[in-house]
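Each residue of the sequence shown is one higher than the last, beginning at 8 in this note's numbering. Ideal Cβ positions, reconstructed from N, Cα and C, are used throughout, including at glycine. Just so we're clear, the structure is a prediction, and the values are computed from it rather than from any experiment.
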Amino acid sequence: MAFRPTLANTFEGGEERQEGNDFIDYVISILTDAQPGLAERYGIRLRDPQSVARAGLKVYTTLDPRMQALAEQALVEQMAAADETYGIPPEGPRPEAAAVVMNPRTGEVLALVGGRTREGMLEFNRATDALRQPGSAIKPIVAYLPALEAGLSPATILDDAPVRLSNDGTTVWPQNFDFRYQGLKPARWGVEQSVNPMAVRAMQFGGGPWEGAALARKMGLTTILPEDENLALALGGIERGVSVLDLTAAYAAIANLGLKVDPVVITRIVDRTGEVLLRRAPGRSRWSAPARPT
């Protein structure tokens, strides 16, 4: 990756506007936050991209230029379609989005888009800095994975019906988006259709919200707090939220058959003499459902 008209996978500093600025921002933040000793030694500063060039460093990254361009294009097209569907005017506040593409086996982040528009560099990066409630995207992690560990199968029958219903019928929880319920259905169908009551019942099958929260933390979602350990967690009810990068890494562990690989954006750093200052390999850990409390 580079600050050049043509995107490469080495970064040597500069400040031209180009594709991949969000990825570049994250690389600089890694250099200054995760490697403070190296940053101090070479005078690298977060708000000064030229400091990398002045230091004579070459930073090799995992950026895939083609994947980055496709991710940016997809985000723009999807958000434009959403604006049209919901009648959102181009002026004024608009919904935001972010995207991360990661190789689940190596942990390499191939593309990272931090928002729908970029006016410059080193702005707020929604892919890495924003913590948002994940909604239904967290159901497989906190509800269905612990249930699978506890013996649930895709064919297990769960009830698409309210878990809580007051005597007078005025309090119904959880509701589906269309306020309709289909009754007894296989768990596979509940995942495919993102059915709220079935996710809650899967969480109960798997041992409850404590199990879901503990497993999610093992998969890197460390912003889930003890006070989040209630059934609303199955529907994405989280006080602080999660980042797109962390959620992507958690899903990558599923694709990797239970092996969690930490996200990597920098593979090595070389100085002006060719000496390798840093060579990074992703951390790996295997998750499994935690033991139930007694």
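By DSSP's criteria, MET109 is part of a beta bridge. Which residues make up the other side? VAL116
If you scan the stretch 50–102 from start to end, which runs of the alpha helix (DSSP H) of 4 or more residues do you find wholly inside it? 57–62, 72–93
Cβ distance (whole Å) where VAL149 is taken to contact GLY219 below 8 Å: 3 Å
Can you find the residues in the same chain that come closer than 7 Å, C-beta to C-beta, to ILE37, ignoring five residues on each side of it along the sequence? VAL272, ILE273
ASP278, buried or exposed, once every other Cβ within 10 Å from all chains shown has been counted against 16: exposed
Among ILE164, ALA239, MET74, which one has its Cα closest to the Cα of LYS146? ALA239
For LEU165, list the residues DSSP reports as bridge partners. LYS192
Beta-carbon within less than 6 Å of TYR93's beta-carbon, same chain only, minus the 5 sequence neighbours each way: which residues are those? none
What does DSSP give as the partner residues of LEU38 in its beta bridges? None; LEU38 has no bridge partner.
Tell me, which residues are paired with LEU285 by DSSP? ILE276
Under the three-state reduction of DSSP, which class applies to SER201: helix, strand or coil? coil
How big is the Cα-Cα spacing for PRO216 and LEU242? 11 Å
Buried versus exposed call for ARG293 [16 or more other C-beta atoms within 10 Å across all chains shown]: exposed
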